[in-house]
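Enquirer:
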Amino acid sequence: MSSVLSVSTNNSFEHLLEEIIAKARLKGAKILTWYQSPNGRTVIEIYGKLPIFYLSRHAAIDSIIHQYNLISQYRHLYQSATQKFKLLTVETTGQEHKVSTTSKAIYECEIVFGNMDNELTASTRRKLYAALEKINASERMSPSEFYLFQNVLIDHFRDKVIEARSTKKKKQLQMFLRFLKEISHSDIE
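Residue numbers (this note's numbering): 626 to 814.
#1: Do Glu733 and Ile813 have their C-beta atoms closer together than 8 Å?
#2: Where Lys795 and Ala747 are concerned, what is the direct C-alpha to C-alpha distance, given to the nearest angstrom?
#3: Which class does Thr749 belong to by DSSP, given the choice of helix, strand or coil?
#4: Give the secondary structure of Glu644 by DSSP, where H, G and I count as helix, E and B as strand, and everything else as coil.
#5: What's the C-alpha gap between Glu788 and Leu798?
#6: Give me, in chain order, the residues of the same chain whose beta-carbon lies closer than 6 Å to that of Leu802; leave out the 5 immediate sequence neighbours on both sides.
#7: Do the CB positions of Tyr679 and Lys655 come within less than 8 Å of each other?
#8: Quick check: Ile645 and Leu695, are their CB atoms within less than 8 Å of each other?
#9: Below 7 Å CB to CB, which residues in the same chain sit around Tyr660 once its five sequence neighbours on both sides are set aside?
#10: The alpha helix (DSSP H) spanning Gln698 covers which residue range?
#11: Glu670 by DSSP, collapsed to three states: which one?
#12: Report the option in Ile779, Glu744 and Leu657 whose CA atom is closest to the CA atom of Lys793.
#13: Please report how far the alpha carbon of Pro768 lies from the alpha carbon of Leu651, in whole angstroms.
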């Protein structure tokens, strides 16, 4: 998630980390101190526990924000990644319609699902991979952006499972959803 954070300089990350630690302490965190280890890791010492080593300040910031439920106060740090998946307004021939990466992906996945038999065949898997590869190639998503994108797709198909009336359709959707969850960013690069 470190690529998601949009603060630019190391100095501002130090101040941000100190600010987040102070707010976490207000919520009961027993963080004693933080420092940079000789090998470049960010180390956070917590009272009564072993030190926690993070690969970067970005990772430490992200971890503390989520661990102490500070996401509402620091939502702006994550906006750049999620904005890519919000609906964009595009004008064509006087009419406005909504187009987005996720709506394209949902449309493509719906086509693949619509052509699916009772089982999730190798052909269906290849078609789903091809659809996601095409979208990834056009958007050039980072792993964290792909994760957000994948979660939107998973939520969409999870809702469809809930709305499905027949058990046959539910089983098909569950197979499709299970396969969708297994796909990783490295699979479609």
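Cβ coordinates follow ideal geometry from the N, Cα and C atoms, glycine included.
Expert: The relevant details are as follows:
#1: no
#2: 20 Å
#3: helix
#4: helix
#5: Those two C-alpha atoms are separated by around 11 Å.
#6: Phe782
#7: The criterion of a C-beta distance shorter than 8 Å is not satisfied by Tyr679 and Lys655.
#8: yes
#9: Non-local C-beta neighbours of Tyr660 in its own chain, meaning closer than 7 Å and more than five positions away in sequence, comprise Val668, ordered along the chain.
#10: Run containing Gln698: none; DSSP gives neither H nor E here.
#11: Residue state, collapsed to three classes: strand.
#12: Glu744
#13: 33 Å
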